[in-house]
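Trainee:
In the working numbering, the protein residues as written are 52 to 219.
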């Protein structure tokens, strides 16, 4: 609802009411109050009527040294005893592979058997990446490459399968 300006109405003086200094003070206060009501309210967009506030400091993101976050992540995973690969997706993958490899469709797995396969798979992958990293460091590199992994597998004596696209 819109505000309307109200003006004071003159009234007839009452018998016991005299114009003394106390009533004049009250009238001046009423006059000031009317002036305040008649003026526009402060506009926050323009900044009129508001005191200038000090600028607010915005919290900046922390900047870490290069490699510090990677080292933090390495320490985190070295401390943990949890599995690295999530359990459910790994179980689905194992079931899918065994279904593709076997003729019978009614293969069932025990939970502990799947857990043992996951433990073994993760141990193999972690040791493979450790040795691959050593090969990369030996070649004066920080980044591991497929050729490092191929070299590790050849040294270990594992059968090396080339991708299908490079066989032809």
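Ideal placement from N, C-alpha and C gives every residue a C-beta, glycine not left out.
Because the structure is a prediction, the values reported are computed rather than measured.
1. Any idea if residue 199 is buried or exposed, counting beta-carbon neighbours within 10 angstroms, 16 or more meaning buried?
2. Would the stretch 159 to 174 and the stretch 122 to 138 be scored as touching if the rule is three or more Cβ pairs under 8 Å?
3. Return the CA-CA distance between residue 180 and residue 124, expressed in angstroms with no decimal places.
4. Which value, in whole angstroms, describes the spacing of the CA atoms of residue 126 and residue 115?
5. Taking 8 Å as the limit between beta carbons, can you name the residues of its chain near residue 219, skipping five residues before and five after?
6. Should residue 203 be labelled buried (16 or more other beta-carbon atoms within 10 Å of its own) or exposed?
Mentor: So, to answer that:
1. buried
2. yes
3. 16 Å
4. 16 Å
5. Per-residue confidence for residue 219 stands at a pLDDT of 40, beneath the threshold of 50, marking its modelled position as unreliable; the derived number appears in the next sentence. Only residues of its own chain outside the window of five on either side were considered, and among them none has a CB closer than 8 Å to the CB of residue 219.
6. buried
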